[in-house]
Amino acid sequence: DAGVIQSPRHEVTEMGQEVTLRCKPISGHNSLFWYRQTMMRGLELLIYFNNNVPIDDSGMPEDRFSAKMPNASFSTLKIQPSEPRDSAVYFCASTLTGTGWPREKLFFGSGTQLSVL
Amino acid sequence: ELKVEQNPLFLSMQEEKNYTIYCNYSTTSDRLYWYRQDPGKSLESLFVLLSNGAVKQEGRLMASLDTKARLSTLHITAAVHDLSATYFCAVVLRGTGANNLFFGTGTRLTVIP
Chain W
1 DAGVIQSPRH EVTEMGQEVT LRCKPISGHN SLFWYRQTMM RGLELLIYFN NNVPIDDSGM
61 PEDRFSAKMP NASFSTLKIQ PSEPRDSAVY FCASTLTGTG WPREKLFFGS GTQLSVL
Chain C
118 ELKVEQNPLF LSMQEEKNYT IYCNYSTTSD RLYWYRQDPG KSLESLFVLL SNGAVKQEGR
178 LMASLDTKAR LSTLHITAAV HDLSATYFCA VVLRGTGANN LFFGTGTRLT VIP
């Protein structure tokens with residue numbers, strides 16, 4: 001099992017540019033989460049998909065942020081236009097929900113370090 | 118919203134010493150997780166605690182849960198350098214699912230030889 005795969009690992013861009021982060025969840029998992037980690041705010045949930053459908057996007061900070069999950073094996077988080085305050089590590093995580101508590105352990109990807117200059 | 122507080126935020130300890138990290142949360146929960154994060158790396162699940170009085174141990178780490186006190190502890194026994202990392206507790210709001218997982222601020226542990 002390759003685990004949750006994120007790309008790119010590092011992204012440096014200029015303010016105003018569009019940024020797309022990608023995630024491939026673990027095969028068979030039906031729930032996918034996008035988190036943002038900063039020193040000031042810690043880990044924050046941005047959006048949660050279940051069976052490819054966005055269930056809870058209340059954590060998405062602004063309309064500049066959007067996320068899609070076109071199929072069970074791929075999700076994107078897009079920021080357009082990007083701003084310096086978006087600089088953070090963005091994690092994708094997946095799990096299998098609905099099968100009992102012990103299995104609802106989140107498996108995290110390696111994260112994307114985003115720097116917006 | 119569920120608030121999760123950890124203390125200490127930073128912990129520097131010598132090898133072979135024992136110490137405890139505390140995790141307090143504000144409302145009723147039925148699941149608590151401990152995660153480890155190495156610098157520049159992802160989060161790795163260590164323990165899942167599901168009931169009052171639950172205790173899990175692996176190696177030099179032992180986690181416990183007191184749901185009445187809304188408190189979990191992560192005890193480190195005879196610390197070694199390899200345990201240096203940031204440790205997070207995370208709590209699920211009772212009756213909800215993984216989308217209501219709230220993370221603590223993290224405790225950055227440094228084990229000094």
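Just so you know, the sequences run in chain order W and C.
Following the numbering used here, the numbering of the first sequence begins with 1 at its first residue and continues without gaps.
Following the numbering used here, the numbering of the second sequence begins with 118 at its first residue and continues without gaps.
We put the CB at the ideal spot given by N, CA and C, even for glycine.
Where the beta strand (DSSP E) through residue i begins and ends
i	result
residue 159 of chain C	Premise fails: residue 159 of chain C is in no beta strand (DSSP E) and is neither H nor E.
residue 193 of chain C	188-193
residue 56 of chain W	53-56
residue 135 of chain C	Premise fails: residue 135 of chain C is in no beta strand (DSSP E) and is neither H nor E.
residue 174 of chain C	172-175
residue 76 of chain W	74-79
Reduced DSSP secondary structure (H/G/I, E/B, other) of residue i
i	result
residue 215 of chain C	helix
residue 230 of chain C	coil
residue 125 of chain C	coil
residue 198 of chain C	helix
residue 61 of chain W	coil
residue 84 of chain W	helix
residue 144 of chain C	coil
residue 118 of chain C	coil
residue 41 of chain W	coil
residue 8 of chain W	coil
residue 106 of chain W	coil
residue 17 of chain W	coil
residue 185 of chain C	coil
residue 167 of chain C	coil
Assumed close pair residue i, residue j - CB separation to whole angstroms, cut-off 8 angstroms
i	j	result
residue 147 of chain C	residue 163 of chain C	Rounded, the Cβ-Cβ distance is 18 angstroms, inconsistent with contact.
residue 49 of chain W	residue 75 of chain W	7 angstroms
residue 136 of chain C	residue 207 of chain C	Between residue 207 of chain C and residue 136 of chain C the Cβ distance is about 20 angstroms, and since that is not below 8 angstroms, they are no contact.
residue 193 of chain C	residue 177 of chain C	6 angstroms
Contact test: residue i Cβ vs the ligand FMN heavy atom, cutoff 6 angstroms
i	result
residue 169 of chain C	Annotation note on the ligand FMN: not contained in the displayed structure, which lists no ligands.
Could you name the residues of the region 16-44 of chain W whose beta carbon sits closer than 8 angstroms to any beta carbon of chain C, in the order they occur along the chain? 31, 33, 42, 43
Positions along the region 53-67 of chain W whose CB lies within less than 9 angstroms of some CB in chain C: 55, 56
Residues from the region 211-227 of chain C in contact with chain W, defined by Cβ distance under 8 angstroms: 214, 215, 216, 218, 220, 221, 222, 223
Please determine if the region 30-47 of chain W and the region 123-135 of chain C are in contact, where contact requires at least 3 C-beta pairs separated by less than 8 angstroms. no
Cβ contact check for the region 11-22 of chain W and the region 64-80 of chain W: 3 or more pairs under 8 angstroms: yes
The region 212-226 of chain C touching the region 186-204 of chain C, judged by at least three CB pairs closer than 8 angstroms: Using a C-beta cut-off of 8 angstroms, the region 212-226 of chain C makes contact with the region 186-204 of chain C, since at least three inter-stretch Cβ pairs fall below that distance.
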